[in-house]
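Let me begin by presenting the structure, written as structure tokens, before commenting on it.
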Amino acid sequence: GAVVSQHPSWVICKSGTSVKIECRSLDFQATTMFWYRQFPKQSLMLMATSNEGSKATYEQGVEKDKFLINHASLTLSTLTVTSAHPEDSSFYICSATGTSGLYEQYFGPGTRLTVT
Amino acid sequence: QQQVKQSPQSLIVQKGGISIINCAYENTAFDYFPWYQQFPGKGPALLIAIRPDVSEKKEGRFTISFNKSAKQFSLHIMDSQPGDSATYFCAASMRNTGNQFYFGTGTSLTVIP
Chain E
722 GAVVSQHPSW
732 VICKSGTSVK
742 IECRSLDFQA
752 TTMFWYRQFP
762 KQSLMLMATS
772 NEGSKATYEQ
782 GVEKDKFLIN
792 HASLTLSTLT
802 VTSAHPEDSS
812 FYICSATGTS
822 GLYEQYFGPG
832 TRLTVT
Chain V
23 QQQVKQSPQS
33 LIVQKGGISI
43 INCAYENTAF
53 DYFPWYQQFP
63 GKGPALLIAI
73 RPDVSEKKEG
83 RFTISFNKSA
93 KQFSLHIMDS
103 QPGDSATYFC
113 AASMRNTGNQ
123 FYFGTGTSLT
133 VIP
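Protein chains in written order, with my numbering: chain E, 722 to 837; chain V, 23 to 135.
Laid out in structure tokens, this is it:
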């Protein structure tokens, strides 16, 4: 149980285009979803926290107009990287907390974004 | 400010040996301390977790030791195997902040056959 999927697993896009990454909780309802960014050999950096039906809360330094987060249902959250640039290339990981698991976060497999 | 400090940054252990990774925190309001294992190109996977009302938790070859007074906790991997080679992250959270996790900087573990 407690499986989180991400789609796509990797994506290559051209500079200036937008990319959408989906995060789904497959077997539980996710009241809260988190989006992280991870650079090679570094820790996870929290970008934003989203609760179903409400606006995401962004961490300091994360551009909300560039990283659009939508948490439209209890099983789906999306991250859209708008007007992507090479410096946005990174590994993006989502996680989710269920309605019963008040402590655990379940992580998705990650999405590798490369902007050329 | 790093809420959770993790050491060492990298660790090399012989097969069959014990791997020990340490973490320290400052905020006494933290009430949940998980350890995650991450393989290259994959998302982190929950390995084992502990709450501050116990001093030790063991699951198979993995043990968390928790010292509340010292505000430290550690992961012990007994009988380390080459398949354990991965990056390990400790984390801390408190329920009243919406379960936000504060991650350590990670430890790259290599188990030599």
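Cβ atoms here follow ideal geometry from the backbone N, Cα and C, with glycine treated the same way. No experiment lies behind these values; they were computed from the predicted model shown.
- Here arginine 73 (chain V) is exposed, its C-beta having fewer than 16 other C-beta atoms within 10 Å.
- Using a CB distance below 9 Å, the part of the region 49–71 of chain V facing chain E consists of Asp53, Tyr54, Pro56, Tyr58, Gln60, Gly63, Lys64, Gly65, Pro66, Ala67, Leu68, Ala71, ordered along the chain.
- Here DSSP, grouped into helix, strand and coil, assigns arginine 833 (chain E) to strand.
- Only residues of its own chain outside the window of five on either side were considered, and among them Gln727, His728, Leu797, Thr799 have a CB closer than 7 Å to the CB of glutamate 743 (chain E), listed in chain order.
- In this structure, the beta-carbon distance from alanine 817 (chain E) to threonine 753 (chain E) falls below 9 Å.
- Within the same chain, Cβ atoms closer than 7 Å to the Cβ of histidine 806 (chain E) are found at Ser736, Val836, the five residues on either side in sequence being excluded.
- For valine 783 (chain E), the closest C-alpha among the options E:Val802, E:Arg745, E:Phe749, E:Val725 is that of E:Val802.
- Residue state for proline 56 (chain V) is assigned as strand, using DSSP reduced to three classes.
- Arginine 758 (chain E) is outside the set of residues whose beta carbon lies under 9 Å from a beta carbon in chain V.
- Under the 8 Å Cβ criterion, the region 54–74 of chain V does not count as touching the region 31–40 of chain V, having fewer than three qualifying pairs.
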